[in-house]
Structures are given as C-alpha cells and as structure tokens.
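In this text, residue positions in the sequence shown follow my numbering: the first is 859, and each later residue adds one. Structure first, commentary second.
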Amino acid sequence: MKIIIVGYGPGGAAAAVTARMFNSESEIIIITEETLESHQKPGASMALESPNTSDLKIEDWSFKALAKKRISILTGTHVVGGDSKAKEIHIDGSDGLKKIKYDRLVLATGGIPAVPRIPGTDLPGVFTIQTMADTSLIGKQLSGMKSIVVVGAGFSGLETAERLLALGKDVHIVIRSRLMRKQLEEPMSLELRSRLPDKLKVHIGMSPTSVIGEEKVEGIVLGDKRIDADAVLFMTGVRPNTELAKKLGLEIGELGGIVVDETMKTSVNDIFAVGDCVEMKDSLTGKPMLLPIGSTAARAGRQAGVIVAGGKKIYDDLLLRFQYDRIFNTDIVVVGHSSTTAKAMGLKPVVQYFDDPSEFAKAALVTSDDGRLIGGQVISTRMGARLGYEIFDRVETGVKLREKPLLRPRHERLREYLESTFGPIR
Ligand SMILES: Cc1cc2nc3c(=O)[nH]c(=O)nc-3n(C[C@H](O)[C@H](O)[C@H](O)COP(=O)(O)OP(=O)(O)OC[C@H]3O[C@@H](n4cnc5c(N)ncnc54)[C@H](O)[C@@H]3O)c2cc1C
C-alpha cells in the first residue's frame, strides 16, 4: 500500500510516523513545500533573533528519524493538483508535471495567515509569521528597524512582541477587544494584562483601519489614532488552506475548512485531512469548529495515521484545546471551552475563579450547567502547566468536579499540614 501525506507540520509528521508504527509494510511518502527540518512553531519567533534555531528541531520528525522509519520525504515540492478518481496527485517536477499514484492520501496543508482587508497591507514592511524560513528572513529585514507594531495578541502575537522587545525594539501591540477574548474569561484577561511589561505599548480595544506609507511602511492607523512604525506584523490567526482539497473535489464546510468525520476521513474515499486545514464537529454540541493549534493537529495526525494504516478510531474527543506557553515570565494555559466559545455553541456555562497566592496563580474553571468541567484557564508565575494538565485530564474524561476535585492550592494544603503537626495557626 502507498500512503502519501501532503504537509510536514505536526499534522503530517504525526500521521506518517503513526502510520509506520501500525503498518510496517506500506510505502510512506511525505511531500512538503518546506525545505527546513521539522521544528516547533511556537518558537518560530526565535528565528527573528537568530537564524540558528536548532534547539527548536523536533528530533522524532527529523530527516534522519524519518529515514530510519523508512518514511521518504520530498522537500521543496509543491503539489499543484490531483485526480481523486485516478487516485493520483500532481507535482511540479524538474522535467514538467509528474503524477504520483496513492492508495491513501492525507492532506495536512495547514493554514494561510488571515490578514485583515484594509489598505496598505501590500506595502514592504508588512509581515506575517508562518514558517521558520520566513521568520529568519523577516528577522534580517527588521534588524535596522526601530519601531514595530504587532497586530493581534494571541499566543503567537504576544510571543513575537516579547522577542522583539528582547531585540531592543520599540514594540506596540494592537488588541481588538481584550487580551485573548475568545480563550480567556475577562478577569483572566485582566490578570494577564497586569503582567505585561510597561515598555510594551498596548493599544487595547482598537483595530487597524489602514497601513500607511509611500514606498514602505511608515505607520498604522487605528481609527483616529496614528502610530509611526517601520514595520507591521499581522499575527491575526490563520484560515484553512484548502486550495489542493478543492482541486481534488473534497467537501468544504461552512467555516471554510475541509469537512472530516471523527476518523479524519473526508468526503472522498481514501482521502483524509488533519490540522489547520480542517473543520470538525465540537463533541459537546455537534457544531462545526476550527481549532488551528499544533496539539490538535498532532492528535488528528495520529488518528489519521492509525486509520490509513488499517486501524480504528482512537480518540473520543479530538477537538479538545490544550495550549500552554510561557510568555513574559508567565505561564498561560488554556484548556477546552471558555465561556465565550461555550456560549457561541449554545451552552450555558458557569465560571468559577480560584486564586493561589503561593503560586502567584489565578485559575478559571468553566462548567456546563450539568456540572461537567468543559474548560479551564490558568495564568501563573510558575507551575501553570501542572494545573493545566489536571484540568485537561478532568475535561477529557468528562467528570464532574465534585467527583474528582482539583488539587487544592498549595498554601491550603501546607496550612493543613502545619496545623495538624503544630496546632492551629492564628
Ligand atoms: C508563530 C506561531 C506560533 C504558534 N504558537 C502555537 C502555540 O503556542 N501552541 C499551539 O498549539 N499552536 C501554535 N501555533 C499554531 C501551530 O503551529 C499550527 O496549528 C500547526 O503548525 C498546524 O499544523 P498543520 O500540520 O496543520 O500545518 P502546518 O504546520 O501549517 O504545515 C503545513 C504544511 O503543508 C505544506 N503544504 C501546504 N500546501 C502544500 C502543497 N500544495 N504542496 C506541498 N506542501 C504543502 C507546507 O509546506 C507545510 O509543510 C503557532 C503558529 C505560529 C505560526
């Protein structure tokens, strides 16, 4: 059997490696436009600083590791189209169009940066960060620049702002409503806001209306306010890259992603799709949802890998969000639904907040009206990931909090221990 995977991000790489684990016989080929070895994109902004990003390499998916697993990889290769009836894809070879047959095909073509449609976004000095290779080039161009505007304050926007500040730039960040409005409850947004450094110039509740400049970027306009700048970085998310899927005749859903079932099968036989290019159904409400994050892409890739190798469904809930990053000395963790995303799905969430002064942490827990934990958020100085995993475990298994309570804050447990040993503390 010949398995072809288009894309070498977490979705494609995880699909290839998992397919090999479950099927030692098949021929497996990854095709990608990229030429760099697999790396962690959450660190892509490091390439702004230094072209040496070897620390970010994902060893399990390196060229050497793939070769050891007998997985071939065609890099720098664009899949231009295909014919799903003839079960072939088409690539631009050095000697013209080349057709490659497949038995099973996995599309992991990722996303395309979603830049707002405003005047001036085509000026030199406007950038998006999508690949490590792009980022190194952007880093070189930014080296002589002083004032930079980052539009968007999700994980990647904040991370990029942090890196630019470390490079000594004057950094402005533009936030449409409040920090991570969809992922964080308002008090959690405020907690994160309070931890941003003073030297980061935050423009909250504003959207860019145009980028201005004659021959290159000179600034950005936010309603009636203008910020002078040498460069503008749009970190405003991605939309699904479905160009190849459309050429193959796959069904595209109402949110613009490739429609897949819970085993990542598309509307066409023997074609599967995973990662930022797909839309899936939310497990609680059955409504379509886009979730363009790396951990989901890798989970979906593993699921597709098992299926193309001849196996079965392995995950109950593929669409469970887990995002963790440490930015500005703060752990930021987001699990499952926030009250904003839950309400958009028609649920009636209840939110409870917890403070743990010993860990300098604030946490929010989101439950559905039947008491099931459906999400949580942590903003903390340390140990955020530990609490995040505890929340993830409870959301994934669908328990009610009273059945499996979270570890109580450390200061409460410490007090209990001290009191049991030394008597009451006043
Ligand atoms: C700066 C930055 C920071 C991020 N931080 C986080 C984070 O903290 N946490 C998190 O969970 N996620 C984060 N993400 C998002 C995460 O990286 C993506 O969700 C993830 O990479 C998606 O994986 P994917 O496999 O779907 O696609 P991608 O990783 O986007 O890979 C797409 C692949 O498809 C290939 N391709 C596309 N079309 C073709 C074609 N026609 N022919 C050949 N090859 C093709 C490309 O070459 C590429 O190899 C971040 C992203 C960025 C850019």
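Don't be surprised by glycine CBs; every beta carbon is placed ideally from N, CA and C.
| Unbroken stretches of the beta strand (DSSP E), 3 residues or longer, contained in the region 1077-1127 | 1077-1080, 1083-1086, 1089-1092 and 1096-1098
| task | Please report the Cβ distance between V1166 and R1179, rounded to the nearest whole angstrom; I am assuming they are in contact, meaning their Cβ atoms lie under 8 Å. | result | Your numbering for residue 1166 matches position 308 in the sequence shown. Your numbering for residue 1179 matches position 321 in the sequence shown. About 25 Å; that fails the 8 Å criterion.
| said: Report the CB separation of T1124 from L1113 in whole angstroms; it is logged as a contact under 8 Å. | reply: Reading the sequence shown from its first residue, position 266 is the one you call residue 1124. Reading the sequence shown from its first residue, position 255 is the one you call residue 1113. Rounded, the Cβ-Cβ distance is 15 Å, inconsistent with contact.
| message | For the structure I just gave you, are there three or more beta carbon pairs, one from the region 1080-1099 and one from the region 1045-1052, closer than 8 Å? | response | no
| request: List the endpoints of the continuous beta strand (DSSP E) containing F1212. | output: Your numbering for residue 1212 matches position 354 in the sequence shown. Per DSSP, F1212 belongs to the beta strand (DSSP E) from V1208 to D1214.
| Reduced DSSP secondary structure (H/G/I, E/B, other) of S1047 | Residue mapping note: residue 1047 aligns to position 189 of the sequence shown, counting from 1. Looking at S1047 - three-state DSSP - the assignment turns out to be helix.
| task | Could you please give me the residues that DSSP links to F985 through a beta bridge? | result | Start at 1 with the first residue of the sequence shown, and residue 985 comes out as number 127. In DSSP, F985 forms a bridge with L1091.
| Where Y1211 falls, given that 16 or more other Cβ within 10 Å makes a residue buried | Position 353 of the sequence shown holds residue 1211. Answer is exposed; the Cβ neighbour count stays below 16.
| field | Sequence-distant residues of the same chain with beta carbon closer than 6 Å to I863, five excluded per side | value | Counting from one through the sequence shown, the residue named residue 863 turns up at place 5. So the list reads G870, A873, A874, I888 and V964, once near-sequence residues are dropped.
| said: Spatial neighbours of L1242 within its chain, please: C-beta separation below 6 Å, excluding the five flanking residues on both sides. | reply: Looking up residue 1242 in the sequence shown gives position 384. The identity of residue 1242 in the sequence shown is Gly, whereas the question assumes Leu. D1189, V1191 and V1236.
| message | Using only the alpha-carbon positions, how far apart do G978 and G1133 sit? | response | Numbered from 1 along the sequence shown, position 120 holds the residue referred to as residue 978. Numbered from 1 along the sequence shown, position 275 holds the residue referred to as residue 1133. In a straight line, the C-alpha of G978 is about 31 Å away from that of G1133.
| said: Looking at ligand 1, does it come within less than 6 Å of E1254, judged from the CB to the closest heavy atom? | reply: Stepping through the sequence shown from its first residue, residue 1254 is reached at position 396. Checking every heavy atom of ligand 1 against the Cβ of E1254, none is found closer than 6 Å.
| request: Please look up how many angstroms separate the CB atoms of K860 and K959, rounded, as I've assumed it's under 8 Å. | output: If you number the sequence shown from 1, residue 860 lands on position 2. If you number the sequence shown from 1, residue 959 lands on position 101. Contact flag correct, Cβ pair sits at about 7 Å.
| Unbroken beta strand (DSSP E) run spanning D1227, endpoints | Here residue 1227 refers to the residue found at position 369 when the sequence shown is read from its first residue. D1227 -> no beta strand (DSSP E), and no H or E assigned at all.
| Measuring CA to CA, which of M1038, P1045 and I996 is closest to R1021? | On the sequence shown, position 163 is the one that residue 1021 refers to. It is I996.
| With 7 Å set as the bound, which would you pick, yes or no: does the beta-carbon of D980 sit closer than that to a beta-carbon of chain C? | The structure shown has no chain C; it contains just one protein chain.
| query | Are the region 1131-1151 and the region 1085-1101 touching, with three or more C-beta to C-beta distances below 8 Å? | reply | yes
| Alpha-carbon to alpha-carbon, I886 and V1060 | The residue given as residue 1060 occupies position 202 in the sequence shown. The residue given as residue 886 occupies position 28 in the sequence shown. If you take the alpha carbons of V1060 and I886, they lie about 48 Å apart.
| Near F985, which residues of its chain fall below 6 Å by C-beta distance, leaving aside the five closest residues on each side in sequence? | The sequence position of residue 985 within the sequence shown is 127, counting from 1. Within the same chain, F985 has close Cβ partners I996 and L1091.
| said: Suppose you measure from the CA of R1230 to the CA of K956; what does that come to, to the nearest Å? | reply: As a working note, residue 1230 is residue 372 in the sequence shown. As a working note, residue 956 is residue 98 in the sequence shown. R1230 and K956: Cα-Cα distance of roughly 53 Å.
| query | Under the rule that 16 or more other beta-carbon atoms within 10 Å means buried, what is S952, buried or exposed? | reply | In the sequence shown, counting from the first residue as 1, residue 952 sits at position 94. With fewer than 16 Cβ atoms within 10 Å of its Cβ, S952 is classed as exposed.
| field | Other residues of its chain near G1169: CB distance less than 6 Å, five sequence neighbours each side excluded | value | Indexing the sequence shown from 1 puts residue 1169 at position 311. Around G1169: F880.
| query | Would F1130 be called buried (16 or more neighbouring beta carbons within 10 Å of its own) or exposed? | reply | For the purposes of this step, residue 1130 is taken as the residue at position 272 of the sequence shown. Flag for F1130 reads buried.
| message | Nearer than 6 Å: is that true of the beta carbon of K957 relative to any heavy atom of ligand 1? | response | What you label residue 957 is simply residue 99 of the sequence shown in a count that begins at 1. Checking every heavy atom of ligand 1 against the Cβ of K957, none is found closer than 6 Å.
| message | Here's a check: name, in chain order, each residue in its chain whose Cβ is nearer than 7 Å to the Cβ of V973, leaving out the five neighbours to either side. | response | For this step, residue 973 is matched to residue 115 along the sequence shown. If we look at V973 and ignore the five residues flanking it on each side, its Cβ neighbours are T979, T986, F1092 and T1094.
| field | Residue closest to S805, alpha-carbon to alpha-carbon, out of I1062, E1044 and Q1041 | value | Look at the range of the chain in this structure, 859 to 1284, and you will see that residue 805 is not part of it.
| field | Whole-angstrom C-beta distance between G1012 and M1046, which should lie under 8 Å | value | Position 188 of the sequence shown, counted from the first residue, corresponds to residue 1046. Position 154 of the sequence shown, counted from the first residue, corresponds to residue 1012. The pair is not a contact, with the Cβ atoms about 14 Å apart (cut-off 8 Å).
| query | Going by other Cβ atoms of all chains shown within 10 Å of its Cβ, with 16 needed for buried, is D961 buried or exposed? | reply | Here residue 961 refers to the residue found at position 103 when the sequence shown is read from its first residue. Looking at its Cβ environment, which holds fewer than 16 other Cβ atoms inside 10 Å, D961 is exposed.
| request: Report the three-state DSSP secondary structure of L1042 (helix, strand or coil). | output: Along the sequence shown, one-based indexing puts residue 1042 at 184. Note: L1042 maps to coil in three-state DSSP.
| said: Following a CB-centred definition, is Y1247 positioned closer than 6 Å to any heavy atom of ligand 2? | reply: By its list of ligands, the structure shown excludes ligand 2, since it contains just ligand 1.
| task | Please work out which residues of its chain come closer than 7 Å, Cβ to Cβ, to T799, disregarding the five sequence neighbours upstream and downstream, and give them in chain order. | result | A query on residue 799 cannot be resolved here, the shown segment of the chain reaching from 859 to 1284 and no further.
| task | Give the single residue among R1160, D1251 and G1026 whose Cα lies nearest to the Cα of L1058. | result | Here residue 1058 refers to the residue found at position 200 of the sequence shown. Comparing Cα positions, the closest option is G1026.
| field | Terminal residues of the beta strand (DSSP E) in which D1189 lies | value | Locating residue 1189 in the sequence shown gives position 331, counting from the first residue. Run containing D1189: T1188 to G1194, per the beta strand (DSSP E) assignment.
| Assumed close pair T893, G934 - CB separation to whole angstroms, cut-off 8 Å | As a position in the sequence shown, residue 893 is number 35, starting the count at 1. As a position in the sequence shown, residue 934 is number 76, starting the count at 1. Confirmed, about 5 Å.
| Distance, I1070 Cα to T1225 Cα | Taking the sequence shown and counting its residues from 1, the one referred to as residue 1225 is at position 367. Taking the sequence shown and counting its residues from 1, the one referred to as residue 1070 is at position 212. Between T1225 and I1070, the C-alpha separation is close to 45 Å.
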